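Residue numbers (the working numbering): 2 to 424.
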Ligand code: IMP
């Protein structure tokens, strides 16, 4: 079967971009299936650093067609900026295409994202304020504008007029803000339309044809398990399904075509934004991980919260996504630690729990139960095989494998495309 799916198993920022880039060499299509420019993939190629938010990491392999699928929400200004940045660095971007069914992020989505958050007080989510939630909200409210609407001026004007009327009432009557000008939005989106039209396709149809021709397709996840709207730490989640299940919906590819479901797991844990994080370290150890791992958000620059690997979370990801393989990333960062802890269960109100509770309050009061593993001092960033790794690093990997009952097939030992062990 020609389709592989790659998703995050924690809270995002696991290094999916790097793994996709290392695996992406042999694929004909790379498809992003959800989220928008809330994501941030950092990819290092040939000593150069690329930070992408909306474009799939696979864009750097110009032999693969890159598709932003129906499940993605697209801010056209951001899309065009990223395209320009790549072109300025001599990357051809003709292979980047957008599904006409994808939804457009509009200026009012970005404004409302900030305004909603400001009303939530202590319950704020810590969104990226890129308009993601409000855009998906309109999709499900069925008042969203889709990318293909850009291709027909009259349709776009009619739909914008209707939706803007609702948004302006919200802005002026609820939030006491100025209303937004129809003409300004319409004119700027018609300029975007001119620049985007050559890239807008019926992507789902294109992918069905590709399947018939047995082309290799990689469905590229953004965000991750615990940010899933259904199975994550609701409400501290994003507004889409960054799971393998979401991958099928957001690309239009049925499960029966899928071969491998690969989960990317960082060798420790990080999260940005608010919400439960049972194995979080509020001490020097956490700061050490942040500094050594460069754990600052690539989208917002926010310092990431850091902690030990939580296999209750990764087990949840293995189950919900039906993972067949794990890609373990950033294990090189752990070099130099005397001991490494793994959170293997939680204590909640005096009881041991080894699954993710459905209640957010139970997640918030859970205490970590740890297993301790010996660390290693060697620099492992140039190890080319599992056997070359220090014995204690091997033991750490094998322990994770045992705890999550899923094969660790790939190990990333550094930022470069080639610092990648295939087991
Ligand atoms: P939103 O997706 O901007 O609505 O933000 C909702 C939550 O998801 C916040 O905690 C964000 O920090 C988090 N989030 C969204 N996208 C990513 C990502 O790509 N990596 C890590 N966290 C993310």
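From the three backbone atoms N, C-alpha and C, an ideal C-beta is built for every residue, glycine too.
As the structure is a prediction and not an experimental result, all values here were calculated from the model.
Short check: CB of residue i to CB of residue j, under 7 angstroms?
{"i": "residue 258", "j": "residue 4", "result": "yes"}
{"i": "residue 7", "j": "residue 222", "result": "yes"}
{"i": "residue 238", "j": "residue 347", "result": "no"}
{"i": "residue 219", "j": "residue 97", "result": "no"}
{"i": "residue 61", "j": "residue 33", "result": "no"}
{"i": "residue 165", "j": "residue 194", "result": "no"}
{"i": "residue 137", "j": "residue 240", "result": "yes"}
{"i": "residue 99", "j": "residue 167", "result": "no"}
{"i": "residue 342", "j": "residue 373", "result": "yes"}
{"i": "residue 58", "j": "residue 22", "result": "yes"}
{"i": "residue 277", "j": "residue 234", "result": "yes"}
{"i": "residue 19", "j": "residue 360", "result": "no"}
{"i": "residue 275", "j": "residue 126", "result": "yes"}
{"i": "residue 251", "j": "residue 35", "result": "yes"}
With distances taken from CA atoms, which of the options is nearest residue i?
{"i": "residue 111", "options": "120, 130, 98 and 34", "result": "130"}
{"i": "residue 270", "options": "263, 261, 262 and 282", "result": "282"}
{"i": "residue 405", "options": "315, 371 and 421", "result": "315"}
{"i": "residue 91", "options": "49, 165 and 233", "result": "49"}
{"i": "residue 206", "options": "102, 43 and 413", "result": "102"}
{"i": "residue 429", "options": "105, 216, 250 and 268", "result": "Nothing about residue 429 can be read from this structure; the chain reaches only from 2 to 424."}
{"i": "residue 149", "options": "413, 109, 139 and 199", "result": "199"}
{"i": "residue 362", "options": "65, 370, 350 and 355", "result": "350"}
Tell me whether residue i counts as near the ligand GDP, meaning its Cβ is closer than 6 angstroms to at least one heavy atom of that ligand.
{"i": "residue 20", "result": "With respect to the ligand GDP, the structure shown offers nothing to examine, as its ligands consist of the ligand IMP."}
Would the beta-carbon of residue i be found less than 6 angstroms away from any heavy atom of the ligand IMP?
{"i": "residue 163", "result": "no"}
{"i": "residue 5", "result": "no"}
{"i": "residue 128", "result": "yes"}
{"i": "residue 224", "result": "yes"}
{"i": "residue 14", "result": "yes"}
{"i": "residue 56", "result": "no"}
{"i": "residue 134", "result": "yes"}
{"i": "residue 40", "result": "yes"}
{"i": "residue 228", "result": "yes"}
{"i": "residue 330", "result": "no"}
{"i": "residue 244", "result": "no"}
{"i": "residue 273", "result": "yes"}
{"i": "residue 239", "result": "yes"}
Work out the CA separation of residue j and residue i for me, nearest whole Å.
{"i": "residue 163", "j": "residue 128", "result": "27 angstroms"}
{"i": "residue 389", "j": "residue 423", "result": "12 angstroms"}
{"i": "residue 56", "j": "residue 387", "result": "32 angstroms"}
{"i": "residue 301", "j": "residue 51", "result": "15 angstroms"}
{"i": "residue 135", "j": "residue 109", "result": "8 angstroms"}
{"i": "residue 94", "j": "residue 378", "result": "42 angstroms"}
{"i": "residue 263", "j": "residue 107", "result": "33 angstroms"}
{"i": "residue 296", "j": "residue 403", "result": "27 angstroms"}
{"i": "residue 392", "j": "residue 356", "result": "30 angstroms"}
Inset, instruction - Could you tell me which uninterrupted alpha helix (DSSP H) segments, each at least 4 residues in length, are contained entirely in the segment 346-399, listed from first to last along the chain? - result: 361-366
Inset, instruction - For the segment 29-74, list the beta strand (DSSP E) runs that are entirely contained and at least 3 residues long, ordered along the chain. - result: 30-33, 42-46, 49-53 and 66-69
Inset, instruction - Report the residue ranges of all beta strand (DSSP E) runs contained in full by the segment 97-146; include only those spanning at least 3 residues, in chain order. - result: 97-100
Inset, instruction - Give, in chain order, every unbroken run of the alpha helix (DSSP H) that is at least 4 residues long and sits entirely within the segment 262-342. - result: 285-294 and 312-322
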